Each structure stands twice: as C-alpha cells, then as structure tokens.
Amino acid sequence: MIIDIMLYILIAMSFFCFIRILFGPSMADRMVAIDIFGILVVGVCGILVVKTGRMFLIDIAIAWIILSFIATITLAKYLVGKKLDE
Amino acid sequence: MKYITLFIILFLLWLLLTLNLEGPNLIVGAVAALITMLVFGKHFLRDWYKFFQPRRYFWIIIYLGIFIWECIKANFDVAYRVLSPKMPIKPGIVRVKSTLKTDIAKTFLANSITMTPGTITVDVVDDDFFIHWIYVSSSDPDVYTQKVMGRFEKYIKRIFE
Amino acid sequence: MNSISNIFFIIGIAFDLFGCIGLLRLPDVYNRLQSATKSVTLGTCSILLGLLLRYGFTAVGVKALLAIPLLFFSATVAAHALIRGSYKFGIKLSDKTVVDDYKDVKK
Numbered sequence: 000m001i002i003d004i005m006l007y008i009l010i011a012m013s014f015f016c017f018i019r020i021l022f023g024p025s026m027a028d029r030m031v032a033i034d035i036f037g038i039l040v041v042g043v044c045g046i047l048v049v050k051t052g053r054m055f056l057i058d059i060a061i062a063w064i065i066l067s068f069i070a071t072i073t074l075a076k077y078l079v080g081k082k083l084d085e
Numbered sequence: 000m001k002y003i004t005l006f007i008i009l010f011l012l013w014l015l016l017t018l019n020l021e022g023p024n025l026i027v028g029a030v031a032a033l034i035t036m037l038v039f040g041k042h043f044l045r046d047w048y049k050f051f052q053p054r055r056y057f058w059i060i061i062y063l064g065i066f067i068w069e070c071i072k073a074n075f076d077v078a079y080r081v082l083s084p085k086m087p088i089k090p091g092i093v094r095v096k097s098t099l100k101t102d103i104a105k106t107f108l109a110n111s112i113t114m115t116p117g118t119i120t121v122d123v124v125d126d127d128f129f130i131h132w133i134y135v136s137s138s139d140p141d142v143y144t145q146k147v148m149g150r151f152e153k154y155i156k157r158i159f160e
Numbered sequence: 000m001n002s003i004s005n006i007f008f009i010i011g012i013a014f015d016l017f018g019c020i021g022l023l024r025l026p027d028v029y030n031r032l033q034s035a036t037k038s039v040t041l042g043t044c045s046i047l048l049g050l051l052l053r054y055g056f057t058a059v060g061v062k063a064l065l066a067i068p069l070l071f072f073s074a075t076v077a078a079h080a081l082i083r084g085s086y087k088f089g090i091k092l093s094d095k096t097v098v099d100d101y102k103d104v105k106k
C-alpha cells in the first residue's frame, strides 16, 4: 500500500521533468531535465524491486546509471561544440 | 605492477557484483578483468603503491563520515531555499585557490565540492577552482575559500598525497 | 526491519520532491542544476540504502550498495560537464547574480 503511494509520487515527479523538457526556455534546461529523469528512473527501479519481488530489476538500475551518464556526457559535449573524440 | 593492481581491483568488483564463488564464474571474471586490464591499463594511476598503505584507508573512513554529515546538513539548507516563498538566493561564480598538487586529489576535491549542495565546480584551471555558489555570503577571498573547501582539503591531502 | 527501510524510502522521496520543485521554480540553468542534481542524487542514494536494509547482504543488497558510489561519481561528473557546457554555450546568468569571476578566463 505505502509502496504504491511512493511509486505514484515518483511517477508524478517524472512528469515535472517532462514539463521542463517541453517548456524549457533553452536547450541546456532540457538537458538538465533529461539528466534528472535518468536518476529518477533508478529510484523507480529500486521501489519496483520491493513491489514486484523481481530481483533482476536492480541490474537494470545499475545499467541505467551507466547509460544515462554516457547520454549526459554526450549531450554536454554537443553543447560545447567540440568533437566527440577529444 | 600497476597492471596487477588494476587486475585485483577489477576482480574484486566482479566478485561483489555476482556474489558467486563457483569455478566457471571465477574463470569468466578473471578473463573479463584481464581483457579490461590490457585495454585500459596504461590509463591507470601512476602511483599504484598508495593502494597498499593502510593509513590512507583510515583517513578515508573519517573523511566519509564528515562528508556524509556535511552533505545531509547542506541538503536541508537547499531544501529551505527552494521551498521558502521568497527564495533567498544570491548566486555567483567565485575563484578559489587550492594547495593540492596531484590530479587525482584535485578530481576528488572537485567532486566533493560538487556533491555538497550549494556549490558546484564549473572548471579547474591549474590551481584555481571556479565554483558556482547558490548563496555568496561574503566577498572576501579568504573567508569563502575556508567556507567552500576548508572542510575537505586537509583530509584529501592526507588521503591522496 | 521493513519499517526502517520504509523510513529511508520516504526520506529519499522527500529529497527527490525538493529537487524537482527546485527544477521548476529556480530562475536559471545553473541554479536548477544546483538544486536538482544533488538533491535528487542524495534522495536516490537513500532509496538504494533502504533497499540494502530491507534485503541485507544478499545479491540485491550488495548490488544496491555498489550502485551508490557509481551514482555519486556519475552524477557529479555529469553535472560538472553540463554546467561547463552551458557556460561555454553562452547561456546568461540570471539577474540575481552578484559575482562572476569566470568570464575573464581565456577560452
């Protein structure tokens, strides 16, 4: 029961991030929101482990941390305007 | 020797990730650590011997305690700034000088500053750290140097140098 | 043990909520990054710690413990890259800014 409520609050916060992605005034605002969204998904995976009892979701959380890190670094490099192999 | 240190660290990480001490798992872990060591070994730290000095681990534990306490205290500060209706923020980018020499120590100091809410490292040029601060409380360089990095610098010097 | 882990979950979700409110309320990119990245990272670390307390040192608990330093380092480096990128991209600091020492550094 309490786990369900936590899950709903986390999903509502993901919608906050979507608001920032949709209406962000500049490109950097959208990138910050994407970064935050990636970290929130890790929390959702952690709560889902408790709710469903499926242990492999924690592996997905670890993989998601690394993937969102690479995505954010790529976006930041694009923002600076240099080549990626530098 | 540098390569062997990296191999030991990677193999321990594999064992922690799988939590399984059977034969095939050990062989797979050893092969994966070997390949990673051969590819990335030359980028590893030059002064590997610091991994085998026990007093550094003692300082790491004390440093972790101080760091977590500062982190929690400062997070409540940021929560207050975000939630209060008037939003008492006074942001700015300040220049702070550090006395650390090695690259790894500078990296850890920059990460610690970033993780303490209220301050975030923008760039490191030689010895100067450029720090974005959400509430610039004074304009005197000595005072804010002490406020931003005085808590961490001496412990990091003992750990990494 | 379950109730202690629930308390950790609630603390974590509260910090996440503060971070997201900061993401919506604060005036410019730099301040948003300040509040959002760090509060949300600490909140998610608290959730993972609650997972460790609930399952003990089994496969799930140890993986959650390993994810905490990974999340710390990746979040700090990502925040650093984003703030430097947005400064070089030329996004203005907000009107409330009092001091900017970085603008006279050689690009």
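Just so you know, the protein sequences line up as chains A, B and C, in that order. Just so it is clear: in the first sequence, position 53 is 52 by numbering that gives the first Met the number 0, and no numbers are missing. Just so it is clear: in the second sequence, position 146 is 145 by numbering that gives the first Met the number 0, and no numbers are missing. Just so it is clear: in the third sequence, position 21 is 20 by numbering that gives the first Met the number 0, and no numbers are missing. Just so you know, even glycine gets a beta-carbon here, dropped at the ideal spot from N, CA and C. Note that the coordinates shown come from a computational prediction; the quantities given were computed from them, not determined experimentally.
C-alpha gap between residue i and residue j, whole angstroms
i      : j      : result
A/G45  : B/E160 : 37 Å
C/D94  : B/Y143 : 22 Å
A/I38  : C/G42  : 10 Å
C/I12  : C/R31  : 18 Å
B/L108 : C/F72  : 12 Å
C/F17  : B/L37  : 44 Å
B/P23  : B/Y56  : 32 Å
B/F43  : B/I8   : 12 Å
A/F68  : A/V40  : 13 Å
B/N19  : B/T35  : 20 Å
B/F129 : C/V59  : 39 Å
C/N5   : A/I4   : 12 Å
C/V104 : B/P140 : 18 Å
A/G52  : C/I3   : 18 Å
B/F122 : A/F14  : Looking at the sequence provided, one finds Asp at residue 122 of chain B rather than Phe. If I take the Cα positions, the gap works out to 32 Å.
Interface partners of residue i on chain A, CB under 9 Å
i     : result
C/L69 : I61, I64, I65, F68
C/T40 : I38
C/F88 : S25, M26, A27, L78, V79, G80
Cutoff 6 Å; reference residue i; Cβ partners in own chain excluding five residues on either side
i      : result
A/V48  : L56, I57
B/Y62  : Y154
B/I119 : T113, H131
B/K89  : Y134, V135
C/F7   : S45, L48, G49
C/D15  : V39, G42
A/A32  : C16, R19, I20
C/V28  : S85, I90
C/P26  : S93
A/E85  : Residue confidence for A/E85 is low, a pLDDT of 47 falling below 50, so the modelled location carries little weight; the figure read from the coordinates is stated next. For A/E85, where only same-chain residues beyond five positions count, there are no Cβ hits under 6 Å.
Chain-ordered chain A contacts of residue i [CB-CB under 7 Å]
i     : result
C/S85 : A27, L78
Interface partners of residue i on chain C, CB under 8 Å
i     : result
A/D3  : The contacting residues do not exist; A/D3 stays about 12 Å from chain C at best.
B/F57 : Those do not exist, as B/F57 stays about 19 Å from chain C at its closest Cβ, beyond 8 Å.
B/L37 : Result: empty, since nearest Cβ-Cβ is about 23 Å, beyond 8 Å.
Residue i in three-state terms, based on DSSP
i      : result
B/D127 : strand
B/V81  : helix
B/I92  : strand
C/I9   : helix
B/T118 : strand
C/D100 : coil
A/E85  : Confidence at A/E85 is low in this model, with a pLDDT of 47, below 50, so its placement is unreliable and the value that follows should be read with caution. Three-state DSSP puts A/E85 in coil, outside helix and strand.
Own chain, CB closer than 8 Å to residue i, minus 5 neighbours either side, in chain order
i      : result
A/A75  : M30
C/Y101 : Y86
Cβ-based neighbour list, residue i, same chain, cut-off 7 Å, excluding 5 preceding and 5 following
i     : result
C/N1  : R53
B/I71 : none
Contact list for residue i against chain B, beta-carbon separation under 7 Å
i     : result
C/A78 : T113, I119
Cβ-Cβ distance between residue i and residue j below 7 Å
i      : j      : result
B/V77  : B/V147 : no
A/I72  : C/A35  : no
A/A27  : C/I90  : yes
C/A66  : A/I61  : yes
A/I35  : A/C16  : yes
C/L51  : C/L70  : no
B/L33  : C/V61  : no
A/G42  : A/L6   : no
B/S97  : B/F151 : no
C/G55  : A/L78  : no
B/T4   : B/F50  : yes
C/V98  : B/G149 : no
B/R157 : B/W47  : no
C/C19  : A/M54  : no
B/E69  : B/T115 : yes
B/Y79  : B/G40  : no
B/G28  : B/F6   : no
B/V124 : C/G21  : no
Interface partners of residue i on chain C, CB under 7 Å
i     : result
A/M30 : L81
B/K89 : K95, V97
A/F15 : C19, L22, L23
Interface partners of residue i on chain B, CB under 8 Å
i     : result
C/K62 : L16
Partners in chain A for residue i, counting only beta-carbon separations shorter than 8 Å
i      : result
C/D100 : Correct list: empty, because the minimum Cβ distance to chain A is about 20 Å.
C/L32  : V31
Cβ-heavy atom distance, residue i to the ligand MN, below 6 Å
i      : result
B/Q145 : Although the ligand MN was asked about, the structure shown includes no ligands whatsoever.
Contact set between residue i and chain B, taken where Cβ atoms lie within less than 9 Å
i     : result
C/S73 : What C/S73 touches in chain B: nothing, since even the nearest Cβ is about 11 Å away.
What residues in the segment 47-59 of chain C have a beta carbon less than 9 Å from any beta carbon of chain E?
The structure shown contains no chain E; its protein chains are A, B and C.
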